[in-house]
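Trainee: So the sequence shown is residues -2 to 112, counted in our numbering.
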Amino acid sequence: MKLIGSKTEQDIRIQLIQSNRWLLNSENRLNKVLKSVYPEMRTAYTLNWIPEQGENVYTILINDSIIATIELDKYSDRSIVETTTVPLYLHGRSKRHQIQLAVALDLVKEDMQKY
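(1) With three or more C-beta pairs closer than 8 Å as the rule, is the segment 29 to 44 touching the segment 62 to 82?
(2) Classify Q95: buried if its beta carbon has 16 or more other beta carbons within 10 angstroms, exposed otherwise.
(3) Which residues mark the beginning and the end of the beta strand (DSSP E) in which D70 is found?
(4) Could you tell me the boundaries of the alpha helix (DSSP H) in which L0 lies?
(5) Here's the rule: buried if 16 or more other CB atoms are within 10 angstroms of the residue's CB, otherwise exposed. What is S73?
(6) CA-CA distance, S62 and Q50?
(7) Pick helix, strand or coil for S76, following the three-state DSSP scheme.
(8) Looking at C-alpha atoms only, which residue of I67, I9, G2 and L58 is the closest neighbour of I47?
(9) Within a Cβ cutoff of 6 Å, which residues of the same chain sit near Y17, ignoring the five residues on either side of it in sequence?
Set out below in C-alpha cells:
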C-alpha cells in the first residue's frame, strides 16, 4: 500500500512512535518478553492492544517481517507468544489496519537505516 501523507496516516504515525518509545525505552514486562523471544529485535511497533480481564493481548510488528501476538497474564508471569509473517497478518485486514501496517513498515525502514 502506498502512503499519501493523509491525516489518518499522520495520526497513526504519532501513535506508533509513542508505542515504539514505550516498548523499547522502558523495562516493562512486555519489553522483557520481546527481548527474550526475539533477541534479533532492533525495532518494534504496537499494532494492537486488547486489555482483557485476565490478560493483556498485544500485536506487535518486530523489525520488518515478524508479527508477534503476545498474551501477558495479569496474575502470573505466564506469557503466550505466537508469530506470523507480515503477508499472513495482512490477509483479510480492514483498510485501517492495512494503513497502520504500511505506516509501521515505513517507520521500521527509517529505524533500520539508523542502525
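Ideal Cβ positions, reconstructed from N, Cα and C, are used throughout, including at glycine.
Values in this document were obtained by computation on a predicted structure and should not be read as measured data.
Mentor: Put simply:
(1) yes
(2) As a working note, residue 95 is residue 98 in the sequence shown. Exposed is the call here.
(3) The residue given as residue 70 occupies position 73 in the sequence shown. Element bounds for D70: I63 to D70.
(4) The count along the sequence shown starts at 1 and reaches residue 0 at position 3. Per DSSP, L0 belongs to no alpha helix (DSSP H) and is neither H nor E.
(5) Locating residue 73 in the sequence shown gives position 76, where the first residue counts as 1. So S73 ends up on the exposed side.
(6) Taking the first residue of the sequence shown as 1, we reach residue 62 at position 65. Taking the first residue of the sequence shown as 1, we reach residue 50 at position 53. Rounded to the nearest angstrom, the two C-alpha atoms are 30 Å apart.
(7) The sequence position of residue 76 within the sequence shown is 79, counting from 1. S76 falls in the strand class under three-state DSSP.
(8) Looking up residue 47 in the sequence shown gives position 50. When each option's Cα is compared against that of I47, the closest is I67.
(9) For the purposes of this step, residue 17 is taken as residue 20 along the sequence shown, with counting starting at 1. For clarity, residue 17 is Asn in the given sequence; the question names Tyr instead. Excluding sequence neighbours, N17 sits near Y42.
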